Amino acid sequence: MIKKIIFLTIINFLIVQPCFCMDEFLEECLKLAQARDQKIAVAAEQVDLAQLRVTGAIRSFFPQLYLQSEQSKGKTALNTLGGLDTEEYKSESIGARASLPLYTGGGTKANYRYNKMMKDAAKYNYTKAKEDLYANVKLAYYEYLTLKMEYVALSKAFEEVENLFLKTRVEYKARAISNLDLAESENFRDKVANLLSSSRINLEFSTQKLIEIVGVNTLEEIPATVSDELPSDAFEIAFTVQDCISFVQSNNLDVQLAKLQLDMADQKIKMNKAKIHPQIYAEGFYGKMGEAFVTEPLELTTQWTLAAKLSWGLWGNSLAASYSMDRTDPTTIVDASKRTEVDTFSIQLGILDDIQYFVDAKESSVSKKQLNSDLIDLLKNSRLAVEKAYNEYILSLNNARTTRNELKVKERKLALLKKRNDLYEVETVSLMEESWNYAEAIASFARALYSNHAAIVELEKLTLMSLR
1 MIKKIIFLTI
11 INFLIVQPCF
21 CMDEFLEECL
31 KLAQARDQKI
41 AVAAEQVDLA
51 QLRVTGAIRS
61 FFPQLYLQSE
71 QSKGKTALNT
81 LGGLDTEEYK
91 SESIGARASL
101 PLYTGGGTKA
111 NYRYNKMMKD
121 AAKYNYTKAK
131 EDLYANVKLA
141 YYEYLTLKME
151 YVALSKAFEE
161 VENLFLKTRV
171 EYKARAISNL
181 DLAESENFRD
191 KVANLLSSSR
201 INLEFSTQKL
211 IEIVGVNTLE
221 EIPATVSDEL
231 PSDAFEIAFT
241 VQDCISFVQS
251 NNLDVQLAKL
261 QLDMADQKIK
271 MNKAKIHPQI
281 YAEGFYGKMG
291 EAFVTEPLEL
301 TTQWTLAAKL
311 SWGLWGNSLA
321 ASYSMDRTDP
331 TTIVDASKRT
341 EVDTFSIQLG
351 ILDDIQYFVD
361 AKESSVSKKQ
371 LNSDLIDLLK
381 NSRLAVEKAY
391 NEYILSLNNA
401 RTTRNELKVK
411 ERKLALLKKR
421 NDLYEVETVS
431 LMEESWNYAE
441 AIASFARALY
451 SNHAAIVELE
461 KLTLMSLR
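For the sequence shown, our numbering assigns the number 1 to the initial residue and increments by one for each residue that follows.
Shown next as structure tokens:
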């Protein structure tokens, strides 16, 4: 229970303070997406509904109070000298009635705990809806971010290649290069153009995806700007794979929900077992009642009733018994035939009228075993998912660093070749080939960056921890 309270405290903190490092643009995206997402709104209402259920369960511990008033009119048959005659009469009853459960075999307490767990489950679902939305927004944003940076960098590279291609045409007209060299330069220009076109298409699609997920019409509605420059390196986390696996055990929402459902199954079993314990209730009434012919004034008599009721499920059978005492204030009675004291005892045994008990008992037992099996599978799958995401993170980190170093080398080499080309030491076609290699390196580095972001987002979703 203490662990659950600590976890819920962490959850409530995370709901207000998202658990990841983010820039201003991403923060605005998350705010807008959360404010406009219908699943989160429904999940919030489910939390309120669960609270009402808890309130109703608490109410069952206290007496049920009723204020009642009853009036009736009718006719009665009277024996007269001339035979049967009819006379109209009227009756009235006003008062207060109360009912209190004295012993329910633990069923009331189990019902309260079950509804309280349902509230915790609703909170988990609310947080899960937010975390799923956060993950989708982050993935869409990082895809858009890397593709935008890639497109800007490739645009600059294509501009350089286009200028070089125009230069080779001048060189060809001057008969400084062959027709084959011109065709090769055109081929390099087309390759970079195709790479840029593919990047533009991907960027447009990622932009539309981000717009749809955030819930805006255009990105201009988001009051922040996105950088156009490629970052210097990929993100690196300070946790090992074993740390992440341990975080899953304590933080993962699916795991916590599965554990909570297992506890709820225990309460279901207790609620069902409570049926084989005697259910004892006390009821009472205090008020005034009376009846008279309509031709006579109606005078009400003070009356109170105290009753004890018992119901007992006997393994498929049912037993019901009650004992009541009715008392009337004799000083207010105007009818001598009125009874002032009545003690009533009744008992009823139902034969095989509660077969549903066996169904509920078996269903609760099977459900708990199924939930326990699901929890074991979930822990295994979560551990494998963490290991897979962590491996992808390591691969993406190494790949990003390698491609980044390669990009720096190609950038330096390209700058050197430009200088040598200006001195006519290197052919322009060779410079274009190196420009194509540089453009390819840009695209490879952008893909590695996105893979790095995606792996960390998946790890944060699984562990519910800020890993950056």
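C-beta atoms are modelled at their ideal positions from N, C-alpha and C, and glycine is treated no differently. If you're wondering where the values come from, they're calculated on a predicted model, not measured in any experiment.
DSSP three-state assignment for residue i, whether helix, strand or coil
| i | result |
| --- | --- |
| LEU378 | helix |
| LEU8 | With a pLDDT of only 41 at LEU8, under the threshold of 50, the placement of this residue in the model should not be trusted; the figure read from the coordinates follows. It is helical. |
| ALA443 | helix |
| SER198 | helix |
| PHE345 | strand |
| GLU425 | coil |
| SER337 | Its pLDDT being 45, under 50, SER337 is placed unreliably in this model, and the coordinates cannot settle the point. |
| ILE94 | strand |
| ALA308 | strand |
| ALA176 | coil |
| ASP266 | helix |
| LEU65 | strand |
| ASN136 | helix |
| LEU467 | coil |
| SER250 | helix |
| PHE235 | coil |
| ASP23 | coil |
| SER324 | strand |
| LEU300 | coil |
| LEU30 | helix |
Residues near residue i in its chain [Cβ-Cβ closer than 6 Å; skip 5 each side]
| i | result |
| --- | --- |
| ALA446 | THR146 and GLU150 |
| ASP159 | The displayed chain sequence assigns Glu, not Asp, to residue 159. Here the set comprises nothing. |
| ASN125 | ALA43 |
| SER451 | SER396 |
| THR344 | SER324 |
Proximity of residue i and residue j at Cβ, strictly below 8 Å
| i | j | result |
| --- | --- | --- |
| TYR89 | GLU291 | yes |
| ALA96 | LEU67 | yes |
| TYR390 | VAL248 | no |
| VAL192 | VAL161 | yes |
| LEU306 | MET289 | no |
| ALA308 | ILE280 | yes |
| THR188 | MET465 | The question names Thr, but residue 188 is Phe in the sequence shown. Result no, Cβ atoms of PHE188 and MET465 do not sit closer than 8 Å. |
| GLY350 | ASN381 | no |
| LEU449 | ALA153 | no |
| THR34 | LEU195 | Position check: residue 34 holds Gln in this sequence, whereas Thr was assumed. Not closer than 8 Å, so no. |
| TRP304 | TYR286 | yes |
| ALA157 | ALA439 | yes |
| PRO278 | LEU310 | yes |
Sequence-distant residues of the same chain with beta carbon closer than 7 Å to residue i, five excluded per side
| i | result |
| --- | --- |
| ALA129 | LYS39, ILE40 and ALA43 |
| ALA336 | With a pLDDT of 40 at ALA336, under the threshold of 50, the modelled position of that residue is not reliable, and no figure is offered here. |
| LYS461 | GLU131 and ALA135 |
| ASN12 | The predicted model places ASN12 with a pLDDT of 40, which falls under 50 and marks its position as unreliable; any figure quoted below should be read in that light. For ASN12, where only same-chain residues beyond five positions count, there are no Cβ hits under 7 Å. |
| GLN379 | Before going further, note that residue 379 is Leu rather than Gln in the sequence given. VAL255. |
With 16 other Cβ atoms within 10 Å as the buried cut-off, status of residue i
| i | result |
| --- | --- |
| SER185 | buried |
| SER72 | exposed |
| ASP377 | exposed |
| ASN163 | exposed |
| LEU422 | Before going on, a small fix: residue 422 reads as Asp here, not Leu. Counting Cβ neighbours within 10 Å, ASP422 comes out exposed, since fewer than 16 surround it. |
| LYS413 | exposed |
| GLU143 | buried |
| PHE61 | exposed |
| LYS419 | exposed |
| LEU384 | exposed |
Residues of its chain near residue i, where Cβ-Cβ distance is below 8 Å and the 5 sequence neighbours each way are ignored
| i | result |
| --- | --- |
| LEU416 | none |
| ALA122 | ALA43, GLN46, VAL47, LEU49 and ALA50 |
| LYS119 | VAL47, ALA50, GLN51, ARG53 and VAL54 |
So does the stretch 396–407 actually touch the stretch 364–376, counting three or more Cβ pairs closer than 8 Å?
-> no
Does the stretch 259–271 touch the stretch 44–62, meaning 3 or more C-beta pairs lie closer than 8 Å?
-> no
Would you call the stretch 165–177 and the stretch 220–229 touching, i.e. three or more CB-CB distances under 8 Å?
-> no
Okay, do the stretch 402–412 and the stretch 427–446 touch, 3+ Cβ pairs below 8 Å being the bar?
-> yes
Flag this pair as touching only if the stretch 205–221 and the stretch 423–442 have three or more C-beta atom pairs under 8 Å; answer yes or no.
-> no
The stretch 99–108 touching the stretch 247–261, judged by at least three CB pairs closer than 8 Å | no
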